[in-house]
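Chains as they are written, first to last, in the working numbering: chain A, 12 to 304; chain B, 225 to 603. Beta carbons are placed, not taken as given, at the ideal position from N, Cα and C, and that holds for glycine.
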């Protein structure tokens with residue numbers, strides 16, 4: 012509210028077209044870069060799905076009839092959904108606990124959460140392979156404890172994919188949730204308790220609804236990133252855990268560029284649909300700004 | 225829980241009788257202490273708050289008044305001492321079972337709920353039936369003169385309206401105690417004045433115990449039955465607004481409530497109940513207990529009790545006189561403040577109603593101040 016009050020006089024004081032040139036000069040290089048090295052290649056790549064070998068819709072139509080493609084999309088969605096739910100269930104309590112702590116405690120813990128960001132996804136995936144393998148740390152531990160006789164098959168299963176992806180994507184859930192939780196006026200839960208709400212009632216009626224934009228932003232990030240995950244499912248998943256990105260890569264290997272392009276187009280469309288849905292439900296600009304009005 | 229529910233459910237039907245039955249609860253603070261990291265915020269505070277009274281905790285920031293309020297509400301745990309309501313200790317009771325209404329300076333309205341949902345919140349926690357909630361919310365809205373605002377969101381209301389909603393929410397469940405933490409701090413002067421009268425009216429209507437925290441002495445004087453003046457975690461004085469103004473117990477209270485001129489004096493004796501002392505070679509009388517002969521004392525006089533004498537001849541028996549020189553004259557609208565300097569260099573302020581016409585004095589003029597012995601305090 013105060014933002015709007017402050018912004019109004021500033022904006023009206025400024026002559027409308029005066030600094031148009033300055034703004035163009037500031038934004039121009041980035042826009043040019045994005046057009047030349049991002050937008051054009053993407054359009055060119057997407058065009059291949061309808062322009063090769065000749066102008067046709069066959070590649071796109073094949074998506075609907077190709078059983079493998081449909082199945083892979085289904086697996087991709089299921090994986091993304093499970094990982095999103097897992098990060099929310101694990102991440103929200105972490106963000107909540109961090110938000111209740113003093114900064115002196117929260118900051119070093121946040122650093123620990125951010126630490127994995129500075130190591131490559133490949134390294135983290137290999138770490139999970141070491142942990143989950145047949146003679147990996149987990150199996151050795153369970154055997155030493157006498158809980159199992161034979162090593163379990165964990166690596167190269169769907170479970171391994173969920174575990175590794177949840178770990179890798181967890182910070183994307185925790186950070187936006189934490190930042191929104193921090194901005195909630197701390198007299199609100201206090202007021203709720205004073206008015207008779209039990210601790211659980213305060214969580215359900217005050218913290219959860221007010222932090223929803225942050226959790227939604229986190230969930231959206233995790234879901235969209237999951238849809239395009241490649242390395243992790245390829246390395247820790249089994250043959251039945253093929254996700255769209257992997258299928259695209261296979262098609263490229265087979266020099267089947269038109270179909271790879273059609274798959275990419277579908278993935279892009281699905282991602283945009285998810286964003287549109289979030290926008291309809293919560294207002295995208297509000298979610299992206301972390302719940303501030 | 226049961227009795228609370230019954231109270232909520234029953235109150236809609238028998239509003240008249242319930243108002244009597246639910247009159248305010250007495251609150252006892254006994255040797256209350258609060259330390260944060262071993263720094264004392266409240267130090268041995270004992271206070272008997274009477275059932276149904278409007279008491280204000282008044283003090284500068286850091287005086288411990290808000291900490292005291294938070295301990296009554298249950299948001300802070302006392303380091304030592306006891307808090308009772310109706311004679312029963314509540315220290316171990318969590319805030320959500322204390323049944324105390326609270327209004328925060330920031331209003332603390334839930335931004336994701338409408339006005340009606342905000343006001344109905346305490347009733348929903350007590351599992352009141354929907355019909356009761358609707359009736360009570362409407363009644364509460366009417367009480368704060370905002371009928372028809374139920375469907376709006378807090379952000380669509382002005383600061384004054386938000387504070388009214390916060391008030392309605394704090395009393396809708398018929399608590400026997402209402403705590404207010406500088407509720408008018410964020411409002412402008414005019415709105416503050418009208419809200420002060422509104423809150424007083426609410427207090428009369430509800431008949432429950434109000435504990436009000438403010439650093440604004442004028443607010444405290446206007447609204448309270450009694451004022452507890454606090455400084456540095458301790459109670460300095462408690463009394464009615466008139467008592468505190470006319471008979472401040474010490475220098476802090478004399479300067480914090482209203483304005484005071486302070487004079488350094490030497491006690492010279494007592495006679496007919498008047499304690500005489502010497503200020504710059506002039507005998508000044510005060511209505512107070514005797515100080516030991518020769519002791520240094522401080523006298524206090526309110527600026528509006530000082531007047532300019534035309535000459536020494538009108539010096540009656542119970543009138544004090546003091547020579548001074550005018551240093552500055554400040555026009556403040558309805559009053560004019562004349563700053564004068566006594567012979568020992570002490571600066572005094574004389575406050576008079578402003579008059580039309582040329583000024584009586586100019587800087588540098590010698591003047592004779594006069595005031596009644598009864599208006600002189602030893603602090």
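- Item | Within chain A, the residues that residue 320 of chain B reaches when beta carbons sit closer than 7 Å | In chain order: 204, 207, 208 and 209.
- State whether the region 447 to 458 of chain B contacts the region 252 to 271 of chain B, with contact taken as three or more CB pairs (one from each stretch) at a distance under 8 Å. yes
- Task: Indicate whether at least one CB of chain A lies closer than 8 Å to the CB of residue 350 of chain B.
- Result: yes
- Which bits of chain A does residue 346 of chain B rub up against, with CB to CB less than 8 Å? 206 and 207
- Query: Can you tell me whether residue 598 of chain B is buried or exposed, with buried defined as 16 or more other CB within 10 angstroms of its CB?
  - Reply: exposed
- Item | Sequence-distant residues of its chain with Cβ nearer than 8 Å to residue 557 of chain B (five each side left out) | 578
- Output the distance between the C-alpha atoms of residue 254 of chain A and residue 79 of chain A, rounded to the nearest integer angstrom. C-alpha separation (whole angstroms): 11 Å.
- Message: Under 8 Å, Cβ to Cβ, is there at least one residue of chain A near residue 393 of chain B?
- Response: So, interface residue.
- What are the boundary residues of the alpha helix (DSSP H) that residue 545 of chain B is part of? According to the DSSP assignment, residue 545 of chain B belongs to no alpha helix (DSSP H) but to the beta strand (DSSP E) extending over 543 to 555.
- Message: Any beta carbon from chain A within less than 8 Å of residue 326 of chain B's own beta carbon?
- Response: Yes, its Cβ sits closer than 8 Å to a Cβ of chain A.
- Closer than 8 Å, CB to CB, is residue 330 of chain B near chain A or not? Closer than 8 Å to some Cβ of chain A, the Cβ of residue 330 of chain B qualifies, so yes.
- In whole angstroms, what separates the C-alpha of residue 381 of chain B from that of residue 292 of chain A? 25 Å
- In chain order, which continuous runs of the beta strand (DSSP E) of length 3 or greater are located wholly inside the region 402 to 479 of chain B? Fully enclosed beta strand (DSSP E) runs of 3 or longer: 433 to 438, 450 to 455 and 458 to 463.
- Task: Compile a chain-ordered list of the residues in the region 210 to 231 of chain A whose CB is closer than 9 Å to at least one CB of chain B.
- Result: Against chain B - using a Cβ distance shorter than 9 Å - the residues of the region 210 to 231 of chain A are 210, 212, 213, 216, 217, 220, 221 and 223.
- Query: What does residue 199 of chain A reach in chain B if we use C-beta pairs closer than 7 Å?
  - Reply: 332 and 334
- Quick one: grab the DSSP three-state call for residue 330 of chain B. In this structure, residue 330 of chain B counts as coil in the three-state DSSP scheme.
- What are the boundary residues of the alpha helix (DSSP H) that residue 190 of chain A is part of? 169 to 194
- Query: Between the region 400 to 419 of chain B and the region 435 to 445 of chain B, do three or more beta carbon pairs fall short of 8 Å?
  - Reply: yes
- Message: Here's the rule I'm using: 16 or more other beta-carbon atoms within 10 Å means buried, otherwise exposed. How should residue 118 of chain A be labelled?
- Response: Its Cβ having fewer than 16 others within 10 Å, residue 118 of chain A is exposed.
- Task: Please check the pair residue 545 of chain B and residue 487 of chain B, which I expect to be a contact at CB under 8 Å, by giving their CB distance rounded to whole angstroms.
- Result: Contact doesn't hold; Cβ gap of about 13 Å is too wide.
- Shortest alpha-carbon distance to residue 212 of chain A belongs to which of B:273, B:374, B:347 and B:416? B:347
- Query: In this structure, does DSSP put residue 573 of chain B in helix, strand or coil?
  - Reply: strand
- residue 297 of chain B CB to nearest chain A CB: under 8 Å? Closer than 8 Å: yes.
- Helix, strand or coil: how does DSSP classify residue 485 of chain B here? In this structure, residue 485 of chain B counts as strand in the three-state DSSP scheme.
- Query: Given residue 300 of chain B, which residues of its chain have a CB within under 8 Å of its CB, disregarding the five upstream and five downstream residues?
  - Reply: 258, 291 and 294
- Query: Is it true that the CB of residue 233 of chain A sits closer than 8 Å to the CB of residue 285 of chain A?
  - Reply: no
- Query: Which term fits residue 413 of chain B, buried or exposed, when burial requires 16 or more other beta carbons within 10 angstroms of its beta carbon?
  - Reply: exposed
- Message: Taking CB distances under 8 Å as the criterion, tell me whether residue 532 of chain B reaches chain A.
- Response: no
- Task: Flag this pair as yes or no: are the beta carbons of residue 603 of chain B and residue 478 of chain B separated by less than 8 Å?
- Result: yes
- Task: Determine, using beta carbons only, whether residue 397 of chain B comes closer than 8 Å to chain A.
- Result: yes
- Query: CB of residue 512 of chain B to nearest heavy atom of the ligand FMN: below 7 Å?
  - Reply: Because no ligand of any kind appears in the structure shown, any question about the ligand FMN cannot be addressed here.
- Query: Taking the beta strand (DSSP E) that residue 129 of chain A falls in, what are its first and last residues?
  - Reply: No beta strand (DSSP E) holds residue 129 of chain A; DSSP gives it neither H nor E.
- Task: Please report how far the alpha carbon of residue 595 of chain B lies from the alpha carbon of residue 483 of chain B, in whole angstroms.
- Result: 16 Å
- Tell me whether residue 31 of chain A sits in a helix, a strand or coil according to DSSP, three-state version. helix
- C-alpha distance - residue 94 of chain A paired with residue 282 of chain A, whole-angstrom precision: Straight across, the Cα-Cα distance linking residue 94 of chain A with residue 282 of chain A is about 16 Å.
- Please state whether DSSP places residue 315 of chain B in a helix, a strand or coil. Three-state DSSP puts residue 315 of chain B in coil, outside helix and strand.
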